[in-house]
Each structure stands twice: as C-alpha cells, then as structure tokens.
Amino acid sequence: MKAIITRPMCVIGDNKDIIRFEPSTPNTPFVEISSIVYARLKRANAAKPFQEFVITNEILKQDIVSQEETHPYKATTTSKRSTQTTKKS
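The numbers in the sequence shown follow our numbering, run straight up by one, and end at 99.
See below:
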C-alpha cells in the first residue's frame with residue numbers, strides 16, 4: 011500500500027524490526043508499506059493513504075460537453091460570412 015508520512019515515527023515492521031519513517035517530501039511523496047505497518051502509523055496519526063488521480067480524455071470530454079450545455083453562448087462563436095461579389099466585365 012502507498013502512504014504519505016505526515017510526521018517522523020518509528021514503528022515495528024513485519025519482521026519485528028524497528029523502522030523509522032520520515033515525513034514525505036516532493037522528491038518522495040509516498041512510501042510503499044504493508045497494511046499492518048500502515049495501521050500502526052495511522053493509529054499514531056503519522057500516515058495518510060496516498061491517492062492517485064488519473065485524468066483521462068474521457069473525463070475532459072464530458073466536462074467540455076457539460077460546459078457547452080450550461081453556457082451555449084460562451085462555447086460557440088458566431089461570425090458574419092462575407093459574400094464575394096464578382097464584377098462582370
């Protein structure tokens with residue numbers, strides 16, 4: 011499981027070893043830990059679950075369509091067509 015470490019903490023790991031965790035940084039936003047170790051860190055308010063948000067084109071397309079439905083005049087532009095006239099010689 012991926013977790014964000016919110017404060018420094020030492021906990022007992024799966025192998026009965028003491029593991030020291032440092033707070034997450036932009037370089038290391040999460041750590042991969044077991045659910046048992048996460049439960050220990052969470053109980054001490056030292057960890058939060060890491061949630062990834064994947065943005066796909068499908069979501070963006072739905073958002074654009076919903077914006078066009080709510081604001082039809084902002085989404086479309088109207089322009090006058092110019093007609094060409096030809097001179098007869």
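Beta carbons: idealized from backbone N, C-alpha and C, even for Gly.
Have a look at the DSSP bridge pairing and note the partners of residue i.
i: Glu62; result: Note: Glu62 sits in no beta bridge, so no partner.
i: Arg30; result: Cys20
i: Ile14; result: Lys58
Using CA coordinates, which residue listed in the options is at the minimum distance from residue i?
i: Ser45; options: Lys26, Pro59, Ile28; result: Pro59
i: Ile15; options: Ile28, Asn55, Asp27; result: Asn55
i: Ile28; options: Ser34, Arg50, Thr35; result: Arg50
i: Pro18; options: Met11, Glu62, Ala57, Pro36; result: Ala57
i: Gly23; options: Pro36, Tyr48, Pro39, Asn37; result: Tyr48
i: Glu62; options: Arg53, Lys52, Pro39; result: Pro39
Which whole-angstrom value describes the C-beta separation of residue i and residue j, a residue pair presumed to lie in contact below a C-beta threshold of 8 Å?
i: Glu32; j: Lys12; result: Between Lys12 and Glu32 the Cβ distance is about 16 Å, and since that is not below 8 Å, they are no contact.
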